[in-house]
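Trainee: With my numbering as the guide, the letters of the sequence shown map in order to residues 4 to 296.
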Amino acid sequence: MLFKICSKITLMVAITEMAAGAAEQPVNDTQSPTTEPNRMVLRSEGLVKQYGKRTVVNGVSFEVKQGEIVGLLGPNGAGKTTSFYMTTGLVVPNGGRIFLDKEEITKDPVYKRAQKGIGYLAQEASVFRKMSVEDNIASVLELTGRSKEYCQEKLESLIAEFRLQKVRKNLGDQLSGGERRRTEIARCLAIDPKFIMLDEPFAGVDPIAVEDIQYIVWKLKDRNIGILITDHNVEETLCITNRAYLLFEGRILFQGTPEELAENQIVRDKYLTNSFKLRKKDFQLMGREREGL
Numbered sequence: 004m005l006f007k008i009c010s011k012i013t014l015m016v017a018i019t020e021m022a023a024g025a026a027e028q029p030v031n032d033t034q035s036p037t038t039e040p041n042r043m044v045l046r047s048e049g050l051v052k053q054y055g056k057r058t059v060v061n062g063v064s065f066e067v068k069q070g071e072i073v074g075l076l077g078p079n080g081a082g083k084t085t086s087f088y089m090t091t092g093l094v095v096p097n098g099g100r101i102f103l104d105k106e107e108i109t110k111d112p113v114y115k116r117a118q119k120g121i122g123y124l125a126q127e128a129s130v131f132r133k134m135s136v137e138d139n140i141a142s143v144l145e146l147t148g149r150s151k152e153y154c155q156e157k158l159e160s161l162i163a164e165f166r167l168q169k170v171r172k173n174l175g176d177q178l179s180g181g182e183r184r185r186t187e188i189a190r191c192l193a194i195d196p197k198f199i200m201l202d203e204p205f206a207g208v209d210p211i212a213v214e215d216i217q218y219i220v221w222k223l224k225d226r227n228i229g230i231l232i233t234d235h236n237v238e239e240t241l242c243i244t245n246r247a248y249l250l251f252e253g254r255i256l257f258q259g260t261p262e263e264l265a266e267n268q269i270v271r272d273k274y275l276t277n278s279f280k281l282r283k284k285d286f287q288l289m290g291r292e293r294e295g296l
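(1) The beta strand (DSSP E) that contains Gln-155, what's its start and end?
(2) Can you name the residues that DSSP bridges to Ile-232?
(3) Is DSSP giving Ser-179 helix, strand or coil here?
(4) For Ile-108, report the span of its alpha helix (DSSP H) as first-last.
(5) So, at 6 Å on beta carbons, what are the nonlocal neighbours of Asn-245 in its own chain, with the 5 sequence-adjacent residues on each side left out?
(6) Specify whether the segment 104 to 113 and the segment 168 to 186 touch according to this definition: at least 3 beta carbon pairs, one from each stretch, less than 8 Å apart.
(7) Can you find at least 3 beta carbon pairs, one from the segment 209 to 223 and one from the segment 129 to 141, that sit closer than 8 Å?
(8) Take Gln-53 as the anchor and find which of Glu-159, Ile-269 and Gly-62 has the nearest alpha-carbon.
(9) Taking the C-alpha atoms as reference points, what is the distance between Leu-281 and Arg-46?
(10) If I measure Cβ to Cβ from Glu-27 and keep anything under 6 Å in the same chain, skipping five residues before and after, which residues do I get?
(11) State the start and end residues of the unbroken alpha helix (DSSP H) segment that holds Phe-286.
(12) Look at the alpha carbon of Ala-141 and the alpha carbon of Glu-263, and state the distance between them as a whole number of angstroms.
(13) Output the distance between the C-alpha atoms of Gln-287 and Arg-116, rounded to the nearest integer angstrom.
(14) Give me the Cβ distance between Asp-202 and Gln-126, rounded to the nearest whole Å; I'm assuming they're in contact under 8 Å.
(15) Beta-carbon within less than 8 Å of Ala-189's beta-carbon, same chain only, minus the 5 sequence neighbours each way: which residues are those?
(16) In three-state DSSP terms, what is Thr-58?
(17) So, are the CB atoms of Gly-82 and Leu-250 less than 8 Å apart?
(18) Locate the alpha helix (DSSP H) running through Leu-264, then write down its first and last residues.
(19) How big is the Cα-Cα spacing for Pro-261 and Arg-57?
(20) What residue range does the alpha helix (DSSP H) around Leu-281 cover?
(21) Here's a check: name, in chain order, each residue in its chain whose Cβ is nearer than 8 Å to the Cβ of Gln-258, leaving out the five neighbours to either side.
(22) Does Arg-291 pass the burial test, meaning 16 or more other C-beta atoms within 10 Å, or should it be called exposed?
(23) Going by DSSP, what residue range makes up the beta strand (DSSP E) through Arg-100?
(24) Relative to the alpha-carbon of Gly-297, which residue among Tyr-114, Met-289 and Gly-80 has its alpha-carbon at the smallest distance?
(25) Per DSSP, Lys-52 forms a beta bridge with which residues?
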């Protein structure tokens, strides 16, 4: 419980610091396309974490590029959550290094990583509970130092994109799980992150809203944002990832595309089971249906 409280406070600081950091950057309202040849890479190398005499993560390495979605999967106790938290800055590694391109950020706390463009969305609710949806987003936009006209235009764009029109006046504590998650992602996008770390995005979300969140995450690639996602719901996670890493007993057991994971017998024996079926979704068709085409 104490860790959850501390991580939530840290997240609030990170949101503020990331917005402040955005204000220090040159204004560029044009999004880089996913075809940009020099995509940034967030990379963890040889991560080690020990609690007393117990080693829970032992030499774990993985990376995510801008414009792709990467899953970090594994059974309970495999070390995936600890590896994820070390990458966000919530947990300090005993060994290994973390890089944003060529810059080492291993010792940077969450808020410094946020200033450099690494957004983090916690499993626990991070919306400001007594603020409306539009004020949740606007409060972050105001910290960026952009013009009032830009902030208002960006606010309206995000509310429309995330289909928050009907709940824009609702307080944070009045939102459903799906509405809350959409608000959190929209608020994170207000500061144009290069990477977003998604911690259990499907937790506490009803089945209908899960597909909505999946589509939103899938569309983030169009913004040239790199996504690292960890979730216990392996079926829903694999259907949106480009690649995934499977951790087992503190090490990387396998890495590859969702199809490669699903076809690997060792992965099935250790994690997926033989009854697992990979379900792919046509998000392009889903997008056309949403737009009424």
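Note that beta-carbon positions come from the ideal geometry of N, C-alpha and C, so glycine has one too. Model, not experiment: these values are computed from the prediction.
Mentor: Based on what the coordinates show:
(1) Run containing Gln-155: none in the beta strand (DSSP E); it sits in the alpha helix (DSSP H), 151 to 164.
(2) Gly-74 and Leu-201, per the DSSP bridge assignment.
(3) In this structure, Ser-179 counts as coil in the three-state DSSP scheme.
(4) Run containing Ile-108: none; DSSP gives neither H nor E here.
(5) Result list for Asn-245: Glu-71 and Ile-72, in chain order.
(6) Taking a cut-off of 8 Å for Cβ pairs, the segment 104 to 113 and the segment 168 to 186 do not touch, as fewer than three such pairs fall below it.
(7) Here the segment 209 to 223 does not lie against the segment 129 to 141, with fewer than 3 beta-carbon pairs under 8 Å apart.
(8) The residue with the shortest Cα to Cα distance from Gln-53 is Gly-62.
(9) About 27 Å.
(10) With a pLDDT of only 49 at Glu-27, under the threshold of 50, the placement of this residue in the model should not be trusted, and no figure is reported.
(11) Boundaries of the alpha helix (DSSP H) around Phe-286: 286 to 293.
(12) Distance between the alpha carbons of Ala-141 and Glu-263 is about 42 Å.
(13) In this structure, the CA atom of Gln-287 is about 32 Å from the CA atom of Arg-116.
(14) Contact flag correct, Cβ pair sits at about 5 Å.
(15) Ile-140, Leu-161, Ile-162, Glu-164, Phe-165 and Leu-167, listed in sequence order.
(16) Three-state DSSP puts Thr-58 in a strand.
(17) Between Gly-82 and Leu-250, the C-beta gap is smaller than 8 Å, which places the two residues in contact.
(18) For Leu-264, the enclosing alpha helix (DSSP H) has its first and last residue at 261 to 266.
(19) In this structure, the straight-line span from the alpha carbon of Pro-261 to that of Arg-57 is close to 31 Å.
(20) Looking at the DSSP string, Leu-281 is not in any alpha helix (DSSP H), and its letter there is neither H nor E.
(21) For Gln-258, same chain residues with a beta-carbon under 8 Å away, outside a window of 5 residues either side, are Phe-65, Arg-246, Ala-247, Tyr-248 and Leu-249 in chain order.
(22) In the assembly as shown, Arg-291 is an exposed residue. Its beta-carbon has fewer than 16 other beta-carbons within 10 Å.
(23) From DSSP, the beta strand (DSSP E) with Arg-100 extends over 98 to 103.
(24) There is simply no residue 297 to check, as the chain begins at 4 and stops at 296 in what is shown.
(25) Per the DSSP secondary-structure output, Lys-52 pairs in a beta bridge with Val-60.
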